[in-house]
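Reading through the structure tokens given below for one structure.
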Amino acid sequence: MIYIDFSFLKDKYPILYKTINQAIDNVYTDTDTAMYKVRKFVEQIVDLFLNLEQIHYTKTLNLYGKINLLDECSNLDCIKYLDILRILGNKIIHGGNIDSDLAIKSIKLCYCICQTLMSKYHQTTIITYKNIDTKLLHCEDIIEFDNPIYNEFLDDLKLIIFSLIIREKLDGIGFIEEIKYISYKEFYYYFILALKEYSKISASNMYKIINIKDMLRKNLNTTDSDYINNILCKKIYNLCPWNKNIN
Numbered sequence: 001m002i003y004i005d006f007s008f009l010k011d012k013y014p015i016l017y018k019t020i021n022q023a024i025d026n027v028y029t030d031t032d033t034a035m036y037k038v039r040k041f042v043e044q045i046v047d048l049f050l051n052l053e054q055i056h057y058t059k060t061l062n063l064y065g066k067i068n069l070l071d072e073c074s075n076l077d078c079i080k081y082l083d084i085l086r087i088l089g090n091k092i093i094h095g096g097n098i099d100s101d102l103a104i105k106s107i108k109l110c111y112c113i114c115q116t117l118m119s120k121y122h123q124t125t126i127i128t129y130k131n132i133d134t135k136l137l138h139c140e141d142i143i144e145f146d147n148p149i150y151n152e153f154l155d156d157l158k159l160i161i162f163s164l165i166i167r168e169k170l171d172g173i174g175f176i177e178e179i180k181y182i183s184y185k186e187f188y189y190y191f192i193l194a195l196k197e198y199s200k201i202s203a204s205n206m207y208k209i210i211n212i213k214d215m216l217r218k219n220l221n222t223t224d225s226d227y228i229n230n231i232l233c234k235k236i237y238n239l240c241p242w243n244k245n246i247n
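Sequence positions in the sequence shown follow the working numbering and run 1 to 247.
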């Protein structure tokens, strides 16, 4: 069992204390439940931050909107942590898998958020654990593609890639299922061609590519265009029948 002491929450914030301990109790035996509890913890502490900052919001505002509102109207230094945990929670909600190592790192990020809570509103400094790994902030597994704009972009690009492959390999006639093998390296070649074709369709498509790549740059903390292209390409390749051929 991991040992991260959240006892400083017990008296002041018993609901937060109960929720995070439920996450800890399940972290090795049921990571889905652990991450549901982490997500619940984030919802609770975001509402708490909004109340402490006296920021008014509509009851129908979702977690994404609340975190954005906090980002706009406060100077909290844990916004990034909150958003990453929201995204990981979404991954579980949409049927994704998270291992115990990532669940443990998520609980450690909850601890970092609590450090902000206690120092800013209670002038209390709590112990800092040396092994809290904030590299999670730049983990490509947490890149969020549940936004309809991104899903639409990926679907459109996949169709263009398929049409290019059919054009070159089947003389423009046939079905993509007829092609038994395409390596990731070859698929990447068609991906780059598809990006060029997609950007030529309309100015809005070109700006969509720019915005999506900008999002990836910020989330992955990189300016490496090849790396960003590979992240996008692998997202699409994993939807294809040859996705075991990544090399």
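Glycine included, C-beta positions come from ideal geometry on N, C-alpha and C.
Outcome for residue i when other beta-carbon atoms lying within 10 angstroms are tallied against a minimum of 16
i: ILE15; result: exposed
i: ILE98; result: buried
i: LEU159; result: exposed
i: ARG167; result: exposed
i: GLN123; result: exposed
i: LEU61; result: exposed
i: LEU170; result: exposed
i: ILE165; result: buried
i: SER202; result: exposed
i: SER149; result: Reading the sequence as shown, one finds Ile at residue 149 and not Ser. Answer is exposed; the Cβ neighbour count stays below 16.
i: THR19; result: buried
i: TYR207; result: exposed
i: ILE182; result: buried
i: ILE173; result: exposed
i: ASN247; result: At ASN247, the pLDDT of 47 sits below 50, so the modelled position is not reliable and the matter cannot be decided from this model.
i: ASP146; result: Residue placement at ASP146 is flagged as unreliable, the pLDDT there being 48, under the threshold of 50; the coordinate-derived value follows with that caveat. So ASP146 ends up on the exposed side.
i: LYS12; result: exposed
i: LYS59; result: exposed
i: LYS105; result: buried
Residue nearest to residue i in terms of C-alpha spacing, selected from the options
i: TYR121; options: HIS56, ILE192, LEU48, LEU164; result: LEU48
i: ILE228; options: TRP242, ASN238, LEU239, ILE209; result: ILE209
i: SER119; options: PHE8, ILE107, TYR237, ILE173; result: PHE8
i: TYR3; options: LYS185, LYS12, ASP25; result: ASP25
i: LEU239; options: TYR184, TYR198, LEU193; result: TYR184
i: TRP242; options: ALA194, GLU178, LYS213, ASP30; result: GLU178
i: THR116; options: GLU152, LEU76, ILE104; result: LEU76
i: CYS233; options: ASP71, LEU193, ILE45; result: LEU193
i: LYS10; options: SER225, PHE187, CYS114; result: CYS114
i: ALA23; options: TYR13, ILE212, SER100; result: SER100
i: TYR189; options: GLU152, PHE153, VAL42, ASN230; result: ASN230
i: GLY248; options: ILE236, THR125, THR31; result: This structure does not reach residue 248, given that the chain is present from 1 up to 247, and the question cannot be answered.
i: ALA103; options: ASN21, PHE191, PHE187; result: ASN21
i: PHE175; options: PHE162, ILE45, THR223, TYR237; result: PHE162
i: ILE17; options: GLN44, TYR28, MET35; result: Per the sequence presented here, residue 17 reads as Tyr, with Ile not at that position. If we check each option's Cα against that of TYR17, GLN44 comes out closest.
i: LEU195; options: ILE236, LYS105, VAL27, THR33; result: ILE236
i: PHE191; options: LYS180, ASP226, SER204; result: ASP226
i: TYR6; options: LEU216, TYR111, LYS200, ASP224; result: The sequence given here places Phe at residue 6; Tyr does not occur at that position. PHE6 has its Cα closest to that of TYR111, out of LEU216, TYR111, LYS200, ASP224.
is_contact[residue i, chain E] using C-beta, thresh 7 Å
i: GLU72; result: In the displayed structure, chain E is absent; only one protein chain is listed.
Inter-residue CB distance, residue i and residue j (contact presumed, cutoff 8 Å)
i: ILE84; j: LEU69; result: In fact, because the Cβ distance is near 17 Å, the residues do not count as touching under 8 Å.
i: LEU50; j: LYS66; result: 6 Å
i: CYS73; j: GLU53; result: 7 Å
i: ASP155; j: TYR198; result: Not a contact, Cβ separation roughly 11 Å.
i: VAL46; j: ILE107; result: About 17 Å separates the two Cβ atoms, so there is no contact after all.
i: TYR81; j: LEU109; result: 5 Å
i: ILE212; j: PHE153; result: 6 Å
i: VAL27; j: ALA34; result: 5 Å
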